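Worksheet for the structure shown next.
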Amino acid sequence: MRVVLDSNILVSMFDPKDRHHPVCEPLLEKIVLREIEVVCPVLVLAETVCAIQRRTGDSEFSTFILQNLTQLRAISWNDCTVASVRAACRLGIETGLKGADSIVVETAQSLKIPLVTQDLEIHSKCSDPVEVIEPSELVDQR
Numbered sequence: 018m019r020v021v022l023d024s025n026i027l028v029s030m031f032d033p034k035d036r037h038h039p040v041c042e043p044l045l046e047k048i049v050l051r052e053i054e055v056v057c058p059v060l061v062l063a064e065t066v067c068a069i070q071r072r073t074g075d076s077e078f079s080t081f082i083l084q085n086l087t088q089l090r091a092i093s094w095n096d097c098t099v100a101s102v103r104a105a106c107r108l109g110i111e112t113g114l115k116g117a118d119s120i121v122v123e124t125a126q127s128l129k130i131p132l133v134t135q136d137l138e139i140h141s142k143c144s145d146p147v148e149v150i151e152p153s154e155l156v157d158q159r
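With the working numbering applied, the sequence shown corresponds to residues 18 to 159, in that order.
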């Protein structure tokens with residue numbers, strides 16, 4: 018299955034203290050084994066690494082996360098172009114989403130693949146035409 022991951026999924030995946038860690042952490046194995054193919058706007062990389070740094074204060078761990086996420090072949094990092102950001106802006110104007118959220122949703126919309134997020138605002142504002150799913154839906158897949 019091919020999906021877009023929101024940064025909150027990756028942050029929960031790598032932060033054992035996060036309340037969503039138990040459901041997100043098993044996704045890492047599925048990604049490493051290439052059972053799930055992930056596409057993310059490169060902005061998600063910065064959001065994830067910086068959130069981990071803020072939460073842990075551990076620059077070695079944050080650097081480790083940066084290096085490993087960029088080396089995982091099952092994750093494709095899409096550049097944010099002026100055209101994609103314009104489309105995200107239009108989406109944000111239509112839905113009221115925050116800027117970074119609109120970029121993630123626009124990526125899923127343009128690729129016509131599901132978005133995995135725990136963000137309730139995205140779930141409530143963007144379920145059409147984007148398929149928005151919870152991480153548990155991927156973990157439970159066999």
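For glycine and all other residues, C-beta sits at the position ideal for the given N, C-alpha and C.
Please read these numbers as outputs of a predicted model, since none were measured by experiment.
- Using a Cβ-Cβ distance cut-off of 8 Å, the stretch 20 to 30 and the stretch 53 to 63 are in contact, since at least three pairs of beta carbons, one from each stretch, lie closer than that value.
- With 16 or more other CB atoms across the displayed protein chains lying within 10 angstroms of its CB, E123 is buried.
- For N95, the pairing in a beta bridge is given by DSSP as P58.
- Annotated three-state conformation of V122 is helix, per DSSP.
- In the DSSP annotation of this structure, the continuous segment of the alpha helix (DSSP H) that includes V40 starts and ends at 38 to 49.
- Within the same chain, M30 come within 7 Å of L45 by CB-CB distance, once the 5 residues on both sides are set aside.
- For V21, the three-state secondary structure derived from DSSP is strand.
- Collapsing the DSSP output to three states places L132 in a strand.
- The three-state secondary structure of I53, taken from DSSP, is coil.
- Here D75 is exposed. Its C-beta has fewer than 16 other C-beta atoms within 10 Å.
- Between A68 and V99, the C-beta spacing is not below 8 Å.
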